[in-house]
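2 protein chains.
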Amino acid sequence: MSRTPKPTEGELEILQVLWRNGPSTVREVHDELTKTKEAGYTTTLKLMQIMLTKRLVSRKEQGKVHTYSAEVNAQDTRQELVDKLLETAFGGSAADLVMQALGARQPSADELADIRRFLEQFDQPHSQEPNND
Amino acid sequence: MSRTPKPTEGELEILQVLWRNGPSTVREVHDELTKTKEAGYTTTLKLMQIMLTKRLVSRKEQGKVHTYSAEVNAQDTRQELVDKLLETAFGGSAADLVMQALGARQPSADELADIRRFLEQFDQPHSQEPNND
DNA sequence: TTTCATCTACGAAACAATTCGTAAGTTAAA
DNA sequence: TTTAACTTACGAATTGTTTCGTAGATGAAA
Chain S
6 MSRTPKPTEG
16 ELEILQVLWR
26 NGPSTVREVH
36 DELTKTKEAG
46 YTTTLKLMQI
56 MLTKRLVSRK
66 EQGKVHTYSA
76 EVNAQDTRQE
86 LVDKLLETAF
96 GGSAADLVMQ
106 ALGARQPSAD
116 ELADIRRFLE
126 QFDQPHSQEP
136 NND
Chain Y
6 MSRTPKPTEG
16 ELEILQVLWR
26 NGPSTVREVH
36 DELTKTKEAG
46 YTTTLKLMQI
56 MLTKRLVSRK
66 EQGKVHTYSA
76 EVNAQDTRQE
86 LVDKLLETAF
96 GGSAADLVMQ
106 ALGARQPSAD
116 ELADIRRFLE
126 QFDQPHSQEP
136 NND
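Protein sequences, first through last, are from chains S and Y. So in this note's numbering, spot 119 of the first sequence is number 124, and the numbers just go up one at a time. So in this note's numbering, spot 63 of the second sequence is number 68, and the numbers just go up one at a time.
#1: Could you tell me whether any Cβ in chain Y is nearer than 9 Å to the Cβ of V62 of chain S?
#2: So, is T144 of chain Y buried or exposed, given that buried needs 16 or more other C-beta atoms within 10 angstroms?
#3: Under 9 Å, do V103 of chain S and V103 of chain Y count as touching if we go by C-beta distance?
#4: Suppose you measure from the CA of N78 of chain S to the CA of R122 of chain Y; what does that come to, to the nearest Å?
#5: Closest Cβ-Cβ distance between T93 of chain S and chain Y: below 9 Å?
#6: Rounded to a whole number of angstroms, what is the C-alpha to C-alpha distance between E18 of chain S and R25 of chain S?
#7: Sorted by chain position, which residues of the same chain lie with C-beta nearer than 7 Å to E16 of chain S's C-beta, five sequence neighbours on each side aside?
#8: Provide the residue(s) that pair with E18 of chain Y in DSSP beta bridges, ordered along the chain.
#9: Note down, one range per segment and in chain order, each beta strand (DSSP E) of at least 3 residues found wholly within the region 14–73 of chain Y.
#10: Go ahead and label V70 of chain Y buried or exposed: buried means 16 or more other beta carbons lie within 10 angstroms of its beta carbon, across all protein chains shown.
#11: Q105 of chain Y touches chain S at which residues, Cβ-Cβ below 7 Å?
#12: Would you tell me roughly how many angstroms separate the C-alpha atoms of L107 of chain Y and L124 of chain Y, rounded to the nearest one?
#13: Below 8 Å CB to CB, which residues in the same chain sit around E116 of chain S once its five sequence neighbours on both sides are set aside?
#14: With a threshold of 9 Å between beta-carbons, can E18 of chain S be considered close to chain Y, or not?
#15: In the DSSP assignment, what are the bridge partners of A75 of chain S?
#16: State buried or exposed for P112 of chain Y, treating a residue as buried only when at least 16 other CB atoms are found within 10 Å of its CB.
#17: What is the residue span of the alpha helix (DSSP H) that G108 of chain Y lies within?
#18: Less than 9 Å between CB atoms is the rule here; does D101 of chain S satisfy it with respect to chain Y?
#19: I'd like the list of long-range same chain contacts for A44 of chain Y, defined as Cβ closer than 8 Å, with 5 residues on each side in sequence excluded.
#20: In three-state DSSP terms, what is P12 of chain S?
#21: What's the C-alpha gap between V87 of chain S and P10 of chain Y?
#22: Mapping the DSSP letters down to three states, classify Q111 of chain Y as helix, strand or coil.
#23: If I measure Cβ to Cβ from K42 of chain S and keep anything under 6 Å in the same chain, skipping five residues before and after, which residues do I get?
#24: Is there at least one Cβ from chain Y nearer than 9 Å to G108 of chain S's Cβ?
#25: What residues in its chain sit with their C-beta under 6 Å from that of Q54 of chain S, if we drop five residues either side in the sequence?
Shown next as structure tokens:
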């Protein structure tokens, strides 16, 4: 029943820009991407066109340019990727994944606080719903 | 500087078997994999042969069969995959990844305890080293 | 209107991952 | 020794992803 046909790595980079910045032209996405990595303009364009056929994005034509929007939601997409990683690399143990994610880096005090607050939901499910959709 | 040329999904499934069960023949790995998914024997064989050329595994020939061992370590490999996911899908926020990993499922009391114990390392670095390499 | 920069469309190459058929070697049992 | 069951080697087809060149459309400025 789930949507989201699993974006490739390149597609994910584009989705991230659209999630972060909202609806954008190819030019805008491309400029954003090339801050980080090398890529030809038509490469970005082609990828976004393919994403359109996969319904990962939609677009509106205004004048000569097209403005693309993400059609898959960040939350769901990330969940799918996490689930996949959990399965294929951590044998399903979320705790192992969490510790691995935190283990190598030094989380900031704020991050730690966020995580602790988040964890509280699970052992004291009184007034608050542990659901954050 | 890092080793580990990033295993593909199929390679990861095989590595998991080797990590879990230790050195194994192609037959053993294959039987394990086909508990979960469909695959021809020579497909598994070929994949393991490719992994050999990539130095993801090594092998010992004994009689007619070959016994394969993982040459990359689970810890490092998982770290690399987590780092990648962190970058391409979570914009580098480990806290977000952690919450996403826990958010959709109900962690068991034991898992929660493990995670809390783990988190203590970070704000009270007295007797214990927060480093798990 | 002409020119120029910029856009989209799209074919196709380059690469990578997966899958499997077939051949040939090995072992053990008949 | 012949046969049967199994093994490895490996070429090659298939499928998916990424990359980019070229062509043609569009709009703004000269």
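Cβ coordinates follow ideal geometry from the N, Cα and C atoms, glycine included. Everything numeric in this text was worked out from a predicted model, so none of it was measured.
Concretely, from the data shown:
#1: Locating residue 62 of chain S in the first sequence gives position 57, counting from the first residue. So no, V62 of chain S is outside the interface.
#2: This structure does not reach residue 144 of chain Y, given that chain Y is present from 6 up to 138, and the question cannot be answered.
#3: To locate residue 103 of chain S, count along the first sequence from 1; it is residue 98. To locate residue 103 of chain Y, count along the second sequence from 1; it is residue 98. Yes; because the gap between Cβ atoms is below 9 Å, this pair is in contact.
#4: Counting from one through the first sequence, the residue named residue 78 of chain S turns up at place 73. Counting from one through the second sequence, the residue named residue 122 of chain Y turns up at place 117. Spanning the two alpha carbons is a distance of roughly 33 Å.
#5: Residue 93 of chain S sits at position 88 when you count from the first residue of the first sequence. Interface residue, yes.
#6: Mapped onto the first sequence, residue 18 of chain S falls at position 13. Mapped onto the first sequence, residue 25 of chain S falls at position 20. If you take the alpha carbons of E18 of chain S and R25 of chain S, they lie about 11 Å apart.
#7: Walking along the first sequence from the start, residue 16 of chain S turns up at place 11. Around E16 of chain S: L52, M56 and L61.
#8: Counting from one through the second sequence, the residue named residue 18 of chain Y turns up at place 13. Under the DSSP definition of a beta bridge, E18 of chain Y lacks any partner.
#9: The qualifying runs are 62–67.
#10: Within the second sequence, numbered from 1, the residue matching residue 70 of chain Y stands at position 65. The Cβ neighbour count for V70 of chain Y, taken over all protein chains shown within 10 Å, is under 16; the residue is labelled exposed.
#11: Taking the first residue of the second sequence as 1, we reach residue 105 of chain Y at position 100. By Cβ distance, chain S contributes R83, Q84 and V87.
#12: Indexing the second sequence from 1 puts residue 107 of chain Y at position 102. Indexing the second sequence from 1 puts residue 124 of chain Y at position 119. Their backbone Cα atoms lie some 15 Å apart in a straight line.
#13: Here residue 116 of chain S refers to the residue found at position 111 when the first sequence is read from its first residue. Excluding sequence positions up to five before and after E116 of chain S, its CB lies less than 8 Å from no other CB in the same chain.
#14: Along the first sequence, one-based indexing puts residue 18 of chain S at 13. Taking 9 Å as the CB threshold, E18 of chain S lines the interface with chain Y.
#15: Within the first sequence, residue 75 of chain S is the residue found at index 70, counting from 1. Among the bridge pairs identified by DSSP, A75 of chain S is matched with S:V62.
#16: Numbered from 1 along the second sequence, position 107 holds the residue referred to as residue 112 of chain Y. Under a 10 Å Cβ-count criterion, P112 of chain Y is classified as buried, with 16 or more other Cβ atoms of the shown protein chains found around its own Cβ.
#17: As a first step, residue 108 of chain Y must be located in the second sequence, where it is residue number 103. Unbroken alpha helix (DSSP H) run through G108 of chain Y: A99 to G108.
#18: To locate residue 101 of chain S, count along the first sequence from 1; it is residue 96. It does; some Cβ of chain Y falls within 9 Å.
#19: Taking the second sequence and counting its residues from 1, one reaches residue 44 of chain Y at position 39. Here the set comprises H35 and L38.
#20: The residue given as residue 12 of chain S occupies position 7 in the first sequence. Collapsing the DSSP output to three states places P12 of chain S in coil.
#21: As a working note, residue 87 of chain S is residue 82 in the first sequence. As a working note, residue 10 of chain Y is residue 5 in the second sequence. In this structure, the CA atom of V87 of chain S is about 21 Å from the CA atom of P10 of chain Y.
#22: Counting from one through the second sequence, the residue named residue 111 of chain Y turns up at place 106. Q111 of chain Y falls in the coil class under three-state DSSP.
#23: Locating residue 42 of chain S in the first sequence gives position 37, where the first residue counts as 1. Answer for K42 of chain S: no residue qualifies.
#24: In the first sequence, the residue the question calls residue 108 of chain S occupies position 103. Chain Y, which has a Cβ nearer than 9 Å to the Cβ of G108 of chain S, makes this yes.
#25: Position 49 of the first sequence holds residue 54 of chain S. Taken in chain order, the list of residues that qualify is empty.
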